[in-house]
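**Student:** So the sequence lines, in the order shown, correspond to chains A and B.
With the working numbering applied, the first sequence covers 14 to 567.
With the working numbering applied, the second sequence covers 14 to 567.
This structure is in structure tokens; I'll ask about it shortly.
Number of protein chains: 2
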Amino acid sequence: MAIFDMLPVKFSLFTSSILNTSTVVAITVFVTLLCACIVIGHLLEENRWANESITALLLGLVSGGVVLLVSGGKSSRILVFNEELFFIYLLPPIIFNAGFQVKKKQFFKNFSTILLFGIIGTIISFCLISLGAFLLFKRLGLTSLGIKDYLAVHIEHMKIVFAAAIGAIFSATDSVCTLQVLNQEETPFLYSVVFGEGVVNDATSIVLFNAVQSLDFSDIDVFTALKLLGTFLYLFCTSTALGITVGLLSAFGIKTLYFGRHSTDREVAIMMLMAYLSYMVAELLSLSGILTVFFCGIVMSHYTWHNVTESSRVTTKHSFATISFIAETFIFLYVGMDAVDIDQWKESSASAGTSLAVSSILFALVLIGRAAFVYPLANISNCIKRRDGDKIELRKQVTIWWAGLMRGAVTIALSYNQFSSSGTSSSTVYPLLITSTIIVVLFSTVVCGSVTQPLINAVMLRNAKPTTSDGTDFASLDDLRLLFLENGGSNDASGNQEAPRSSGFRLLMRYPTHTVHYLWRKFDDRFMRPVFGGRGFVPVVPGSPTGAADDQTS
Amino acid sequence: MAIFDMLPVKFSLFTSSILNTSTVVAITVFVTLLCACIVIGHLLEENRWANESITALLLGLVSGGVVLLVSGGKSSRILVFNEELFFIYLLPPIIFNAGFQVKKKQFFKNFSTILLFGIIGTIISFCLISLGAFLLFKRLGLTSLGIKDYLAVHIEHMKIVFAAAIGAIFSATDSVCTLQVLNQEETPFLYSVVFGEGVVNDATSIVLFNAVQSLDFSDIDVFTALKLLGTFLYLFCTSTALGITVGLLSAFGIKTLYFGRHSTDREVAIMMLMAYLSYMVAELLSLSGILTVFFCGIVMSHYTWHNVTESSRVTTKHSFATISFIAETFIFLYVGMDAVDIDQWKESSASAGTSLAVSSILFALVLIGRAAFVYPLANISNCIKRRDGDKIELRKQVTIWWAGLMRGAVTIALSYNQFSSSGTSSSTVYPLLITSTIIVVLFSTVVCGSVTQPLINAVMLRNAKPTTSDGTDFASLDDLRLLFLENGGSNDASGNQEAPRSSGFRLLMRYPTHTVHYLWRKFDDRFMRPVFGGRGFVPVVPGSPTGAADDQTS
Chain A
14 MAIFDMLPVK FSLFTSSILN TSTVVAITVF VTLLCACIVI GHLLEENRWA
64 NESITALLLG LVSGGVVLLV SGGKSSRILV FNEELFFIYL LPPIIFNAGF
114 QVKKKQFFKN FSTILLFGII GTIISFCLIS LGAFLLFKRL GLTSLGIKDY
164 LAVHIEHMKI VFAAAIGAIF SATDSVCTLQ VLNQEETPFL YSVVFGEGVV
214 NDATSIVLFN AVQSLDFSDI DVFTALKLLG TFLYLFCTST ALGITVGLLS
264 AFGIKTLYFG RHSTDREVAI MMLMAYLSYM VAELLSLSGI LTVFFCGIVM
314 SHYTWHNVTE SSRVTTKHSF ATISFIAETF IFLYVGMDAV DIDQWKESSA
364 SAGTSLAVSS ILFALVLIGR AAFVYPLANI SNCIKRRDGD KIELRKQVTI
414 WWAGLMRGAV TIALSYNQFS SSGTSSSTVY PLLITSTIIV VLFSTVVCGS
464 VTQPLINAVM LRNAKPTTSD GTDFASLDDL RLLFLENGGS NDASGNQEAP
514 RSSGFRLLMR YPTHTVHYLW RKFDDRFMRP VFGGRGFVPV VPGSPTGAAD
564 DQTS
Chain B
14 MAIFDMLPVK FSLFTSSILN TSTVVAITVF VTLLCACIVI GHLLEENRWA
64 NESITALLLG LVSGGVVLLV SGGKSSRILV FNEELFFIYL LPPIIFNAGF
114 QVKKKQFFKN FSTILLFGII GTIISFCLIS LGAFLLFKRL GLTSLGIKDY
164 LAVHIEHMKI VFAAAIGAIF SATDSVCTLQ VLNQEETPFL YSVVFGEGVV
214 NDATSIVLFN AVQSLDFSDI DVFTALKLLG TFLYLFCTST ALGITVGLLS
264 AFGIKTLYFG RHSTDREVAI MMLMAYLSYM VAELLSLSGI LTVFFCGIVM
314 SHYTWHNVTE SSRVTTKHSF ATISFIAETF IFLYVGMDAV DIDQWKESSA
364 SAGTSLAVSS ILFALVLIGR AAFVYPLANI SNCIKRRDGD KIELRKQVTI
414 WWAGLMRGAV TIALSYNQFS SSGTSSSTVY PLLITSTIIV VLFSTVVCGS
464 VTQPLINAVM LRNAKPTTSD GTDFASLDDL RLLFLENGGS NDASGNQEAP
514 RSSGFRLLMR YPTHTVHYLW RKFDDRFMRP VFGGRGFVPV VPGSPTGAAD
564 DQTS
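What follows is the structure, encoded as structure tokens:
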């Protein structure tokens, strides 16, 4: 056999030997654990304290521990935490599905509140957490943490940059966690506000962080603040517009080409691919991919979904939910396994006490930062809104505050990206910050994750009647329509949107949300649905594909 | 700003800057091209000469060319061909879906023919192609191709190893190509034989290649041949058993736990994950993952699929097909783009003439190798089978021969793995073999891909009536059942399978396939379905989840 060893032919062919064994082992372990999570999560369904995310996290911790023991305390890493995996493959389907399944009426009804929380709230939280972290670093003395080789002025600047990074990382609400903890069916208002805040948040965070990078903190004036606001508006509008454009394009394409005639699979495939494309294009253009793919999901569920065959509708609805579900479970499993990684704990030379202290302070900052914007902003929102049903009562404010506290995989990924030791400096402050982040994430996921649902049950459902409130909305919408009809201002065939004149304007002032909704419905029915299709829309052209599909499937 | 540049903080946070731009660009390009393929494929649906795979291949070639021009002739690689991507992520869903959607009755009816072609056929083809390649290398003179730094005895051995590698790579039928070219609805017999051969092939190829690695060619005797046969049987049986076990486990788990009570998504998720798990475990145990996942798909469609809710059934059926469809299109796109890769053409110092000559000879060898086993084996199969309807006529033999000629991504992946220049030697024979493989793949995909469907229409459909033949089968099966009932040997409640005694044995000899099918159905109804569920099976226990689900959905 010695002869063969010398030959320059690699003796590896066919799958069994082509694949890297460690990859195969890692995938096998993860898939097995995912199956276990699903089964355990199903069995614990009735248990209100547990849910899939906590199960996955704990299972990840346990299996990380087992791997650690098996490898003799050397390494618990089967798969190295990879930001690309997270941001390219796991996050987009989750956010897209959230947009696809979101209750659109509820979401847009609360849109002003969502924007208020997502923009102003994030800025308040960012400032408070950054300030807190800055004071913390001053107290700890960054120099004692290993960075001695810089001038005093640099250290001062570093503290600011570190503090701002911490502020940006921890002020962002984790939308993936929100999805796990809140139930859209039971608490639609809470879900739309907290999750919506998390989506809008993404754009705010990008702007804030870019600002931290490029601004000179000694020279901030009103002009700079206005410029930042402009950047945010640009980012928000372009991201949203991109998502809407891709969504409409898919609706128009599917309606025109009528893939369903030949194959259901093509319809489903093109919906999946275009949704993913919207995220990737947004990333390519340095926009907020999360915002884009979220709005793409909303548009697709409003138009595209109604243009496909019945079986495609069932398939897309459930397969998007399934993919998102697998991705969410995977993320929590991943975070759990990663937390046990012995290397990063070893690297952090700070004592366990310091780690715990830093993470306690960080979590306290998150608590305070969130409280500092939820209560004031909710009251501002209450002042603007006239109707009692729209007001955010104190108990709702408490749940909004609590439900947004969870910090999860997004926080971990950002923290790794910012503080991983592959940087230029061998500073020991990085590992400390990473381990503290992990502690905060574990604590908030387990505690907030298990307490939120019981808290909501205790505070909200006991004396609230959300369905009645929704019922009132419908009734008042009908009233509005009657009002409009009486005024006769909107049923003319001019096709121009000047219809709601003086009386319309008065209505807009009195019931802004409902009026906007009514106007949008009119616009949608007259201009959008004829082109892009949509629920119950019978096309004008007889024998059109959409009509035929409706006939077939009804 | 200079101060900031010196700070050891990496200024990159939030998705837009975390992601590697080249990855984002590559994914965006691929997703866009996939969408284009689907749209073009849809528009060309009526065209019998074109199909999605050829569209994807040509689109890949064109976009590879565009990238080449844009990059100034430097590189056409956006994504480097990655065997792991292919074998871990793209191949399993395709093969699983093929098993999931395969017409089981047709498949098992032809099982003996499939095994004959997949085992004996592959060995014959392997021997012929290896021999041809060996003579080719002798003729070309391997020494002239750059390998001068070895002793004569080594060169002789190398020729054998090279020839065997070529034989193993090119004797394997590409099951992905078969799926693209053949239509299960139109030509069920052809599809089941050629595709089934491709699946069984995988196990044969592993055995053959391992044999090439470890055998001393100067010392082959009957004992060695028997040992190889034993290895193959072990591999075939364990792979199949693993697939069946995982499939049954999923059926039992879903029937017992009844996920659908809480969530459709859990059912779909667990089906997807367990199917994938079967492939990964097989790879982990060095078995044939393709065989395993194929049989897992068959078992899942027979049992598991019937245990889930109606919406899960629609979702799984279409989402598996969609994922497989996307993966197939992606593979052809990938092969097309990869073929234009300028680097590998530059590396191959051999002239275009030599490349073309080598690839012509290789393709000729594939043609001859396939002809050499299809016609003899089909005639042997005809001798065994008694009934005229089961015989493989000459025109069927021609289509079997032709439809299995296509060589695609599997061939490319194996060729890269074997001949990529990352090996120890800087021999120029490697690039030559890679470029020749690419030429063979492009030629066979375009020519065979476009000619097969018209050929089938011309040869098969004009004077054949496959549906009538299927009808005859059903009738004769009913006759058989009557015969069994008359003999009274099978309706006793003993639960023992000794029922078909003397008369049963006579029947088994006369109609082996039908008898086996009948016995299997009886066994299935009595033992398997009560435990694992299945179509139309009403469970004995009243109020059982499966029954409730049927009630809900019927």
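The beta carbon of each residue, even a glycine, is placed where N, CA and C say it ideally should be.
Quick one: is A:F236 buried, meaning 16 or more other Cβ sit within 10 Å of its Cβ, or exposed?
**Tutor:** The residue is exposed, with fewer than 16 neighbouring Cβ atoms inside 10 Å.
**Student:** Would you report the Cα separation of A:E280 and A:I267, rounded to the nearest angstrom?
**Tutor:** Between A:E280 and A:I267, the C-alpha separation is close to 7 Å.
**Student:** Where does A:G77 land, buried or exposed, given buried means 16+ other C-beta within 10 angstroms?
**Tutor:** The residue in question, A:G77, is buried, as its Cβ has 16 or more Cβ neighbours within 10 Å.
**Student:** Return the first residue and the last residue of the alpha helix (DSSP H) that B:R542 is part of.
**Tutor:** Where B:R542 is concerned, the enclosing alpha helix (DSSP H) stretches over 542-545.
**Student:** What number of angstroms, rounded off, separates the C-alpha of A:L427 from the C-alpha of B:I51?
**Tutor:** Rounded to whole angstroms, A:L427 to B:I51 spans 36 Å at the Cα level.
**Student:** Output, in sequence order along the chain, the residues in the segment 298-317 of chain B whose CB is closer than 8 Å to any CB in chain A.
**Tutor:** For the segment 298-317 of chain B, which is checked against every Cβ of chain A, the residues closer than 8 Å are S299, L300, S301, G302, I303.
**Student:** By alpha-carbon positions, which one of B:K409, B:M285, B:E58, B:G382 ends up nearest to B:I336?
**Tutor:** Cα-wise, what sits closest to B:I336 is B:M285.
**Student:** For B:I51, go through chain A and note every residue whose CB falls closer than 8 Å to its CB, in chain order.
**Tutor:** Within 8 Å Cβ-Cβ: F272, R279, A282, I283, L286.
**Student:** Shorter than 8 Å from the beta carbon of B:S157 to some beta carbon of chain A?
**Tutor:** Low per-residue confidence applies at B:S157: pLDDT is 47, beneath 50, and the placement is therefore not dependable, though the value from the model is reported in the following sentence. Closer than 8 Å: no.
**Student:** Taking C-beta pairs closer than 9 Å, name the residues in chain A that B:E198 reaches, listed in chain order.
**Tutor:** Under the 9 Å cutoff, chain A gives no residues; its nearest Cβ is about 12 Å from B:E198.
**Student:** Quick one: measure Cβ to Cβ for A:F308 and A:G256, integer angstroms, because I've assumed they're closer than 8 Å.
**Tutor:** With a Cβ gap of about 3 Å, A:F308 and A:G256 count as contacting.
**Student:** Helix, strand or coil for B:G78? Go by DSSP, reduced to three states.
**Tutor:** Helix at B:G78.
**Student:** Of all the CB atoms in chain A, is at least one closer than 8 Å to the CB of B:C190?
**Tutor:** It does not; no Cβ of chain A falls within 8 Å.
**Student:** What is the rounded straight-line gap between the Cα of A:T41 and the Cα of B:A288?
**Tutor:** Approximately 12 Å, taken between the alpha carbons.
**Student:** So, for A:E96: in the same chain, excluding its five sequence neighbours on each side, which residues have a beta-carbon less than 7 Å away from its beta-carbon?
**Tutor:** Answer for A:E96: A426, Y429, N430, listed in chain order.
**Student:** Going by CA-CA distance only, name the one from A:F150, A:S184, A:A185, A:A111 that's closest to A:M171.
**Tutor:** Measuring from the Cα of A:M171, the nearest candidate turns out to be A:F150.
**Student:** Indicate whether the contact test is met: 3 or more Cβ pairs, each with one atom in the segment 176-187 of chain B and one in the segment 97-108 of chain B, closer than 8 Å.
**Tutor:** These segments do not touch.
**Student:** Distance, Cα to Cα, A:W415 vs A:V194?
**Tutor:** Using only the alpha carbons, I get a separation of about 11 Å.
**Student:** Can you tell me the Cα-Cα spacing of A:Y443 and A:L221, whole angstroms?
**Tutor:** Distance between the alpha carbons of A:Y443 and A:L221: 21 Å.
**Student:** For B:D505, count neighbouring Cβ atoms within 10 angstroms of its own Cβ and tell me buried if that reaches 16, exposed if not.
**Tutor:** Annotation note: pLDDT 43 at B:D505 (below 50); position unreliable, no value reported.
**Student:** What does a CB cutoff of less than 6 Å around A:L57 pick up in its chain, not counting 5 residues either side in sequence?
**Tutor:** Excluding positions up to five away in sequence, the list reads A63.
**Student:** Could you run through the segment 250-268 of chain B and flag, in chain order, every residue whose CB is less than 8 Å away from some CB of chain A?
**Tutor:** Cβ contacts with chain A: G266.
**Student:** I believe B:Y316 touches B:A264 by the beta-carbon criterion, under 8 Å. Please report the beta-carbon distance rounded to the nearest angstrom.
**Tutor:** With a Cβ gap of about 4 Å, B:Y316 and B:A264 count as contacting.
**Student:** With burial defined as no fewer than 16 other Cβ atoms inside 10 Å of the residue's Cβ, what is the status of A:S252: buried or exposed?
**Tutor:** Buried is the call here.
**Student:** Taking only the alpha-carbon atoms, compute the straight-line gap between A:V464 and A:T412 and give it to the nearest angstrom.
**Tutor:** Cα to Cα, the separation comes out at about 11 Å.
**Student:** Measure the C-alpha to C-alpha separation of B:M419 and B:G462 and round it to an integer number of angstroms.
**Tutor:** Approximately 7 Å, taken between the alpha carbons.
**Student:** Counting contacts by CB-CB distance shorter than 8 Å, is B:M419 in contact with chain A?
**Tutor:** Answer no: the Cβ-Cβ gap between B:M419 and chain A never drops below 8 Å.
**Student:** Taking the beta carbon of A:A254 as the centre, do at least 16 other beta carbons fall within 10 Å, making it buried, or is it exposed?
**Tutor:** By the neighbour-count rule (16 or more Cβ atoms within 10 Å), A:A254 is not buried but exposed.
**Student:** Contact between the segment 387-397 of chain B and the segment 365-374 of chain B: three or more CB pairs below 8 Å?
**Tutor:** Cβ pair count under 8 Å is below three, so no.
**Student:** Along chain A, in chain order, which residues have C-beta atoms closer than 7 Å to that of B:L103?
**Tutor:** The premise fails here: B:L103 is roughly 12 Å from chain A at the closest Cβ pair, so nothing lies under 7 Å.
**Student:** At a Cβ threshold of 8 Å, is A:H55 touching chain B?
**Tutor:** For A:H55, the answer is yes, since a Cβ of chain B falls inside 8 Å of its Cβ.
**Student:** Measure the CB-CB distance between B:P543 and B:A340 and report whether it falls below 8 Å.
**Tutor:** Going by C-beta atoms, B:P543 is not nearer than 8 Å to B:A340.
**Student:** Could you check the C-alpha separation between B:I303 and A:V44 for me, to the nearest Å?
**Tutor:** About 18 Å.
**Student:** Let me check understanding here. Comparing Cα to Cα, which of A:V459, A:A238, A:V306, A:L241 lies closest to A:G260?
**Tutor:** Closest by alpha carbon: A:V306.
**Student:** Can you give me the Cβ contacts of A:F109 inside the same chain, cut-off strictly under 6 Å, excluding the 5 residues immediately before and after it?
**Tutor:** So the qualifying residues of the chain are A288, V306, G310.
**Student:** So, does the CB of B:F345 fall closer than 8 Å to a CB anywhere in chain A?
**Tutor:** Closer than 8 Å: no.
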